[in-house]
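Asker: Quick note, the sequences are listed as chains A and B, same order. Heads up: the first sequence is residues 1262 to 1503, going by our numbering. Heads up: the second sequence is residues 1262 to 1503, going by our numbering. Note that the Cβ used here is the ideal one computed from N, Cα and C, for glycine as well. Take this structure first; my questions come after.
Protein chains: 2
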Amino acid sequence: MAISDYFTRFLQLRDELSARDLELLREIPTTVRTYDSGEEVVSVGAHTRSCLMVRGLTGRVNRIVGKADARAITALHVPGDFVDLHAFVLKKLNHSVVAFGQVEVEFVEHADLVRMTESFPHLTRLFWMTTAIDAAIHRQWLFASSVLRSSAHLAHLLCEMYLRMEMVGVARDYTMTLPLLQRELADILGYSPIHINRAVRDLRDRKLVRWQAAEVEILSWHGLTQLARFDPTYIEVERRPR
Amino acid sequence: MAISDYFTRFLQLRDELSARDLELLREIPTTVRTYDSGEEVVSVGAHTRSCLMVRGLTGRVNRIVGKADARAITALHVPGDFVDLHAFVLKKLNHSVVAFGQVEVEFVEHADLVRMTESFPHLTRLFWMTTAIDAAIHRQWLFASSVLRSSAHLAHLLCEMYLRMEMVGVARDYTMTLPLLQRELADILGYSPIHINRAVRDLRDRKLVRWQAAEVEILSWHGLTQLARFDPTYIEVERRPR
DNA sequence: CGGCAAATTGACACATCTCAAAGCCTGTGG
DNA sequence: CCACAGGCTTTGAGATGTGTCAATTTGCCG
Chain A
1262 MAISDYFTRF LQLRDELSAR DLELLREIPT TVRTYDSGEE VVSVGAHTRS
1312 CLMVRGLTGR VNRIVGKADA RAITALHVPG DFVDLHAFVL KKLNHSVVAF
1362 GQVEVEFVEH ADLVRMTESF PHLTRLFWMT TAIDAAIHRQ WLFASSVLRS
1412 SAHLAHLLCE MYLRMEMVGV ARDYTMTLPL LQRELADILG YSPIHINRAV
1462 RDLRDRKLVR WQAAEVEILS WHGLTQLARF DPTYIEVERR PR
Chain B
1262 MAISDYFTRF LQLRDELSAR DLELLREIPT TVRTYDSGEE VVSVGAHTRS
1312 CLMVRGLTGR VNRIVGKADA RAITALHVPG DFVDLHAFVL KKLNHSVVAF
1362 GQVEVEFVEH ADLVRMTESF PHLTRLFWMT TAIDAAIHRQ WLFASSVLRS
1412 SAHLAHLLCE MYLRMEMVGV ARDYTMTLPL LQRELADILG YSPIHINRAV
1462 RDLRDRKLVR WQAAEVEILS WHGLTQLARF DPTYIEVERR PR
């Protein structure tokens, strides 16, 4: 198999791909796998391949040393995201990646990525950019967790996830599927599950969202972005030569 | 001028550099500049060069759109850090970089980095790794801000900063210079300055640190790391072929 | 229908914020 | 050498945000 169209689209939103670039992307061999909800897609430790999301939602889970139940989810990944591409240069990860709902991923061998970096600098820079966008999202999460209170913080997450999903075409009409339990939202935003529940209720009461199990409908994009002070520039959507 | 030894050391802690690699690093031209406390080293927006820390401490500052005083500091940088190398692939930054205390940096032109990526894949991967380590630190900050309460959170920052400074040789004997006001610590950790003050007092009361203006002495590394549940693996110090 | 996990609610405890005031340090000018 | 001003640190008290515990309700699935 070859690298999925989602990732190609992700790159094309940020830079022009030459015919040669596209051909090279198609030549990278991949292995497809599916996972059920809760399964570990990538485990803690050393790796010789990285995975690319094709379908569903995954998250990076950091657990605390020694203490069983303390965990944080430090990133979420939608189709088109190169989930653990950073493992290509880090070699070893201190977090795992788990599936939220049914998930399909493609694995790319690091050996093939080394070959790419040896001969194709433009694609290399674009892959590098991919990990830099992840880092920009991390900074935005830090910013949000520092500046926003619970409802606004949750609203920020919804804005980001909708925009990211809409950009690659897995969400539209201000509606998305977000298969996260309130307990998992708590691990993402750093609140207790009960407080997440109150934040969800608050967004409902303000008529900003309709939220039924995993189905989220944004009733007022304007209201939600305003509450969250959401500024999407960090998602880096401009097409520029890189 | 050529790239500073601190950065070379930073890389050598993570991978072996060949004679050719070292030579190439020396050939990259740089421009040195110094800044006074509070000055903006890098501004928000597009850039054609990135900067490398030589002396002092800098931080990345995210400001909120429209609202004057809400700001967060999403990263700190010590000598050897390639502060905004991510701008090489992102092209545009949504944060600024400011100096904490007197600072000396070297600027590297992106044009020179492009040349490097065109011909020297090993160094390219190491530069890429540098930004991936930044991202790993971001994730650890997210984790800390999600899991730790104020004193432990502050302790975590101290552990990290000491270790990073000790590794490149600008701190030793469990003593470091950290020219941050309590207001700035507040922007880093997401608390109010008053609460930071109480956290500092708590660490003092527990006999974990002596802290006088910018001089921090860690009285019990063991106690501090235990309180912070500090696990340094994320700083990625193992030497591996990359 | 019953059973389970998740979502929801309420009450209270704890963490953190805000406002206000006092203390401390340092540089400056008399 | 002293007095003062300004910025930072420290402290206190009350308000708000968030966590914990316990119980109830809901929704799904066997």
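#1: Is there contact here, the stretch 1347-1367 of chain B with the stretch 1285-1304 of chain A, by at least three beta-carbon pairs under 8 Å?
#2: Rounding to the nearest angstrom, what Cα-Cα distance links A/G1451 and B/S1406 in this structure?
#3: I want to see whether chain B comes within less than 8 Å of A/Y1495, judged by CB atoms only; does it?
#4: Can you find a C-beta in chain A that's less than 8 Å from the C-beta of B/L1351?
#5: To test your reading of the DSSP string, which unbroken alpha helix (DSSP H) runs of 4 or more residues are found completely within the stretch 1342-1399 of chain B?
#6: Contact between the stretch 1467-1479 of chain B and the stretch 1392-1399 of chain B is defined here as three or more beta-carbon pairs at a separation below 8 Å; is this criterion met?
#7: Check the C-beta distance from A/E1429 over to A/P1340 and give it rounded, since I have them as a contact under 8 Å.
#8: Out of A/R1459, A/Y1435, A/R1425 and A/N1458, which one is the CA nearest neighbour of A/H1483?
#9: Report back the beta-carbon spacing between A/L1285 and A/F1381 to the nearest angstrom; my notes put them in contact at under 8 Å.
#10: State the Cα-Cα distance for the pair A/E1499 and A/V1431, rounded to the nearest angstrom.
#11: On the three-state DSSP scale, how would you describe B/Y1510?
#12: Taking any Cβ of chain A, which residues in the stretch 1313-1326 of chain B have a Cβ under 8 Å from it, in chain order?
#13: How many Å lie between A/D1330 and B/R1410 at the Cα?
#14: Compare the beta carbon distance of A/F1349 and A/H1371 with 8 Å and say whether it is the shorter of the two.
#15: Residues of chain A with CB under 8 Å from B/V1339, in chain order?
#16: Tell me the residue span of the alpha helix (DSSP H) that contains B/L1283.
#17: Given this structure, state the Cα-to-Cα distance separating A/A1474 from A/P1440, to the nearest angstrom.
#18: Return no unless some Cβ of chain A is closer than 8 Å to the Cβ of B/G1362.
#19: Per DSSP, what are the beta-bridge partners of A/L1318 in this structure?
#20: Mind checking A/R1444: buried by the 16 CB within 10 Å criterion, or exposed?
#21: Give a yes or no on whether the minimum CB-CB distance between A/S1411 and chain B is below 8 Å.
#22: Establish whether the CB of A/A1393 and some CB of chain B are separated by less than 8 Å.
#23: If the cut is a Cβ gap below 8 Å, which residues of chain A does B/H1356 touch?
#24: Tell me, to the nearest whole angstrom, how far the beta carbon of B/H1356 is from that of B/N1323; I am working on the premise that it is less than 8 Å.
#25: Which residues in the same chain have their Cβ closer than 6 Å to the Cβ of A/L1351, if we skip the five residues on either side of it in sequence?
#26: What is the DSSP secondary structure of A/E1300, counted as helix, strand or coil?
#27: For chain B, check one thing: does any of its Cβ atoms lie closer than 8 Å to the Cβ of A/A1416?
#28: Taking the alpha-carbon positions, what's the A/L1318 to A/D1297 distance?
Answerer: According to the data block:
#1: no
#2: Counted from its first residue, the first sequence places residue 1451 of chain A at position 190. Counted from its first residue, the second sequence places residue 1406 of chain B at position 145. Approximately 7 Å, taken between the alpha carbons.
#3: In the first sequence, counting from the first residue as 1, residue 1495 of chain A sits at position 234. Yes, A/Y1495 counts as interfacial toward chain B.
#4: If you number the second sequence from 1, residue 1351 of chain B lands on position 90. B/L1351 belongs to the set of residues whose beta carbon lies under 8 Å from a beta carbon in chain A.
#5: 1348-1351 and 1371-1380
#6: By the Cβ criterion, the stretch 1467-1479 of chain B is not in contact with the stretch 1392-1399 of chain B, since fewer than three pairs of Cβ atoms, one from each stretch, lie closer than 8 Å.
#7: Mapped onto the first sequence, residue 1429 of chain A falls at position 168. Mapped onto the first sequence, residue 1340 of chain A falls at position 79. For the sequence presented, residue 1429 of chain A should be read as Val rather than Glu. Between A/P1340 and A/V1429 the Cβ distance is about 6 Å, and since that is below 8 Å, they are a contact.
#8: If you number the first sequence from 1, residue 1483 of chain A lands on position 222. When only C-alpha atoms are compared, the closest one is A/Y1435.
#9: On the first sequence, position 24 is the one that residue 1285 of chain A refers to. On the first sequence, position 120 is the one that residue 1381 of chain A refers to. Yes, A/L1285 and A/F1381 are in contact; Cβ-Cβ is about 6 Å, under 8 Å.
#10: Taking the first sequence and counting its residues from 1, one reaches residue 1499 of chain A at position 238. Taking the first sequence and counting its residues from 1, one reaches residue 1431 of chain A at position 170. Going by the C-alpha atoms only, they are around 20 Å apart.
#11: Given that chain B is displayed from residue 1262 to residue 1503, the structure contains no residue 1510 of chain B and the question cannot be resolved.
#12: Going along the stretch 1313-1326 of chain B in chain order, one finds R1321, N1323, I1325 and V1326 with a Cβ nearer than 8 Å to chain A.
#13: Numbered from its first residue, the first sequence carries residue 1330 of chain A at position 69. Numbered from its first residue, the second sequence carries residue 1410 of chain B at position 149. Each residue's alpha carbon lies about 16 Å from the other.
#14: Sequence index remark: in the first sequence, residue 1349 of chain A carries index 88 (1-based). Sequence index remark: in the first sequence, residue 1371 of chain A carries index 110 (1-based). Yes, these two residues count as a Cβ contact at 8 Å.
#15: Taking the second sequence and counting its residues from 1, the one referred to as residue 1339 of chain B is at position 78. Correct list: empty, because the minimum Cβ distance to chain A is about 18 Å.
#16: Your numbering for residue 1283 of chain B matches position 22 in the second sequence. Note, B/L1283: alpha helix (DSSP H), A1280 to E1288.
#17: Translated into positions along the first sequence, residue 1474 of chain A becomes position 213. Translated into positions along the first sequence, residue 1440 of chain A becomes position 179. Their backbone Cα atoms lie some 8 Å apart in a straight line.
#18: The residue labelled residue 1362 of chain B in the question sits at position 101 within the second sequence. Contacts with chain A at 8 Å (Cβ-Cβ) do not include B/G1362.
#19: Residue numbering aside, residue 1318 of chain A sits at position 57 when the first sequence is read from its first letter. A/L1318 is bridged to A/F1361.
#20: Position 183 of the first sequence, counted from the start, is the residue given in the question as residue 1444 of chain A. Answer is exposed; the Cβ neighbour count stays below 16.
#21: If you number the first sequence from 1, residue 1411 of chain A lands on position 150. With 8 Å as the cut-off, A/S1411 does not count as an interface residue toward chain B.
#22: Residue mapping note: residue 1393 of chain A aligns to position 132 of the first sequence, counting from 1. Output row for A/A1393: interface = yes.
#23: By one-based count along the second sequence, residue 1356 of chain B stands at place 95. Those are R1400, listed as they occur along chain A.
#24: For the purposes of this step, residue 1356 of chain B is taken as the residue at position 95 of the second sequence. For the purposes of this step, residue 1323 of chain B is taken as the residue at position 62 of the second sequence. Contact holds; Cβ gap of about 5 Å.
#25: Position 90 of the first sequence holds residue 1351 of chain A. Taken in chain order, the list of residues that qualify is empty.
#26: To locate residue 1300 of chain A, count along the first sequence from 1; it is residue 39. Coil, per DSSP.
#27: Looking up residue 1416 of chain A in the first sequence gives position 155. A/A1416 does not count as touching chain B.
#28: Here residue 1318 of chain A refers to the residue found at position 57 of the first sequence. Here residue 1297 of chain A refers to the residue found at position 36 of the first sequence. Answer to the nearest angstrom: the Cα atoms are 11 Å apart.
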